[in-house]
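Right, one structure below, let's go through it.
There are 2 protein chains.
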Amino acid sequence: MKFVRFSAGGSNSYGIVDGDTVKAISGPGYSDYSETGATHALADVTLLAPVEPNKMLAMALNYGSHLHDAPAPERPEPFLKSETSLAGTGDTIRIPSDSEKVDAEAELVVVIGKTATNVSLGDAMDHVFGYSCGNDVSARDWQAGDTSWWRAKSSDTFSPIGPWIVTGIDPTNLDIEGRINGVAAQNCNTSEMIHDIPKTISFISKYMTLEPGDCIFTGTSGTAGQIKPGDTVEVEISQIGTLSNICG
Amino acid sequence: MKFVRFSAGGSNSYGIVDGDTVKAISGPGYSDYSETGATHALADVTLLAPVEPNKMLAMALNYGSHLHDAPAPERPEPFLKSETSLAGTGDTIRIPSDSEKVDAEAELVVVIGKTATNVSLGDAMDHVFGYSCGNDVSARDWQAGDTSWWRAKSSDTFSPIGPWIVTGIDPTNLDIEGRINGVAAQNCNTSEMIHDIPKTISFISKYMTLEPGDCIFTGTSGTAGQIKPGDTVEVEISQIGTLSNICG
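Line by line, the protein sequences give chains A and B.
Residue numbering for the first sequence follows the working numbering, starting at 40 and increasing by one per position.
Residue numbering for the second sequence follows the working numbering, starting at 40 and increasing by one per position.
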């Protein structure tokens, strides 16, 4: 199933994509929703970020190809992203004028469906609702120079997620491609993750409760590409789709 | 005015403290609330954290006495705290069994009342709703050893705020005392902040939109004291009150 959030006729709604149609539902897909009866042509709606998370985390150093000279981390290395940095497909990523270098990072995003506190490895996947494409936009000068990564990773519009959440797929063998102006900048497969999704969820939930709608960016590969105003940046993941943003 | 959130008779509500009485209101104090007509004796209700923030930030290195050998930061140095780490007065701070050293940090908390995006120094205080006492609980081994401070500063129950939000006070000359088992561990005055509240709000809002209910812990002084299961930890701020928690 493909779950979206969309704007149509001046109001916002969650929905399910069925071919070329969107069926509106009463709440997010991970809640106890029902179809409202309203339908729209997919081409007629504006897609929003498909989730309204209370909390987002992202994984540092989770692909060997992104480690460069760093050692592989012994445990998952999450960091927090602010919920105000969320953006949807089609939204403009605003490149701050006072950062020297902003990169795009193509990543698989896990959306939590059920509250997770101290869950075991074996139970972790029961708490997943679905998967989306994410771009963990990163201002490298601030990442290097600030005490924390707050504005480096969480400036407004620095967390695009979309175009939808796909449920019922196996996340362990998905191809991820990041493109800038149509040219491939990053390529990897989710099988290359150092700490996989069950380990990540189980480890985080040992310390921090994960709630329905919370999002986890699962890490990026290789060397991320720099983005500048005017660029088009895409994150395509097999079995999910393509998240596309213009930089402004 | 003193704004609270409380539990009484099995349901939760926001309210205003009037002497020994709590008057229930229809929403948080910073919204367009009205009194519901319900009143309770303050002694009969269980106080909850007085705010339900979407986002919390805290300031690193914002008191000279806490810098030790570090240089004073040229700009505010925020970091994110997760909203799931929130706790209220009277709640138990859960000390993780696998951290070697957990400290309490007594801090003034600023609660945002109006959305702030790129606000000037001169306009910053118009976006403040009020002030509360906060404890920026910190696991020092994780703070030193992890890539980010996610679990060091945002494990469940690591962000007590309370007992209420006080509005209409001058935040520039408030005494803060942190106590562990009744013994003073930290003493400072908010006049000692390196980067004051207008500068902090203006700087954060240049990059990250602040929303009503968002909380900013404004930094801690001196050397914070270690807390262990069984300890009582208090944060008292003049003109506000005392936040009290037991560690478990």
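The C-beta atom is built at its ideal place from N, Cα and C for all residues, glycine as well.
(request) Say whether chain A places a C-beta atom closer than 9 Å to the C-beta of Ser121(B). (result) Here residue 121(B) corresponds to residue number 82 of the second sequence, with the count starting at 1. Closer than 9 Å to some Cβ of chain A, the Cβ of Ser121(B) qualifies, so yes.
(request) Please name the residue in His79(B), Tyr72(B), Pro112(B), Asp71(B) whose C-alpha comes closest to that of Ile233(B). (result) The residue labelled residue 233(B) in the question sits at position 194 within the second sequence. If we check each option's Cα against that of Ile233(B), Pro112(B) comes out closest.
(request) Ignore the nearest five residues each way along the sequence and tell me which others in Ile200(B)'s own chain have a CB closer than 6 Å to its CB. (result) Taking the second sequence and counting its residues from 1, one reaches residue 200(B) at position 161. Excluding sequence neighbours, Ile200(B) sits near Ala88, Val148, Ser171, Gly173.
(message) Taking CB distances under 9 Å as the criterion, tell me whether Thr177(A) reaches chain B.
(response) Here the question's residue 177(A) lines up with position 138 in the first sequence. Looking at the sequence itself, residue 177(A) is Ser, so the reference to Thr does not match. For Ser177(A), the nearest beta carbon of chain B is not closer than 9 Å to its own beta carbon.
(message) Does any residue of chain A have a CB that is nearer than 9 Å to the CB of Pro67(B)?
(response) Locating residue 67(B) in the second sequence gives position 28, counting from the first residue. With respect to chain A, the C-beta atom of Pro67(B) has no partner C-beta closer than 9 Å.
(message) My output table needs one value for Met247(B): the three-state DSSP class, helix, strand or coil.
(response) If you number the second sequence from 1, residue 247(B) lands on position 208. In this structure, Met247(B) counts as coil in the three-state DSSP scheme.
(message) Let me see if you follow: with CB-CB separation under 9 Å, is Pro117(A) close to chain B or not?
(response) Residue 117(A) sits at position 78 when you count from the first residue of the first sequence. Chain B, which has a Cβ nearer than 9 Å to the Cβ of Pro117(A), makes this yes.
(request) Could you pull out every residue in the same chain whose Cβ sits closer than 7 Å to the Cβ of Ala191(A), ignoring the five residues on either side in sequence? (result) Looking up residue 191(A) in the first sequence gives position 152. Ser177, Ala178, Trp181, Gln182, Asp185.
(message) Is the separation between the beta-carbon of Ser193(B) and that of Tyr246(A) shorter than 9 Å?
(response) Residue 193(B) sits at position 154 when you count from the first residue of the second sequence. Residue 246(A) sits at position 207 when you count from the first residue of the first sequence. Contact flag set, yes.
(message) Tell me the rounded alpha-carbon separation between Thr78(B) and His107(B).
(response) As a first step, residue 78(B) must be located in the second sequence, where it is residue number 39. As a first step, residue 107(B) must be located in the second sequence, where it is residue number 68. Each residue's alpha carbon lies about 48 Å from the other.
(request) Return the residues of the stretch 184-217 of chain A that lie within a Cβ-Cβ distance of less than 8 Å from chain B, sorted by chain order. (result) Listed in sequence order: Asp185, Thr186, Ser187, Trp188, Trp189, Arg190, Ser193, Ser194, Asp195.
(request) Find out if the Cβ-Cβ distance for the pair Ala143(B), Thr196(B) is shorter than 9 Å. (result) As a first step, residue 143(B) is located in the second sequence; it is residue number 104 there, counting from the start. As a first step, residue 196(B) is located in the second sequence; it is residue number 157 there, counting from the start. Contact: no.
(message) So, with DSSP's three-state summary, where would you put Arg114(A)?
(response) Residue mapping note: residue 114(A) aligns to position 75 of the first sequence, counting from 1. The three-state secondary structure of Arg114(A), taken from DSSP, is coil.
(message) Pop quiz: Gln278(A) and Val205(A) are said to be a contact at Cβ under 8 Å. What is the actual Cβ separation, rounded to whole angstroms?
(response) On the first sequence, residue 278(A) is found 239 positions in, with the first residue counted as 1. On the first sequence, residue 205(A) is found 166 positions in, with the first residue counted as 1. About 7 Å separates the beta carbons of Gln278(A) and Val205(A), which is inside the 8 Å limit, making them a contact pair.
(message) Please identify the residue among Ala145(B), Ile134(B), Thr259(B), Gly280(B) whose C-alpha is closest to the C-alpha of Ile208(B).
(response) As a first step, residue 208(B) must be located in the second sequence, where it is residue number 169. Among Ala145(B), Ile134(B), Thr259(B), Gly280(B), the Cα nearest to that of Ile208(B) is on Gly280(B).
(request) Just grab the DSSP bridge partners of Asn228(A) for me. (result) Your numbering for residue 228(A) matches position 189 in the first sequence. Here Asn228(A) is bridged, per DSSP, to Asp214(A).
(message) Quick check on Pro135(A) - is its C-beta less than 9 Å from some C-beta in chain B?
(response) Within the first sequence, the letter at position 96 stands for residue 135(A). In terms of beta-carbon proximity, Pro135(A) lines the interface with chain B, with at least one pair separated by less than 9 Å.
(message) I want to see whether chain B comes within less than 9 Å of Pro112(A), judged by CB atoms only; does it?
(response) Numbered from its first residue, the first sequence carries residue 112(A) at position 73. Taking Cβ atoms only, chain B reaches closer than 9 Å to Pro112(A), which makes this a yes.
(message) Between which two residues does the beta strand (DSSP E) holding Trp188(B) run?
(response) Stepping through the second sequence from its first residue, residue 188(B) is reached at position 149. Per DSSP, Trp188(B) lies in no beta strand (DSSP E) segment and is marked neither H nor E.
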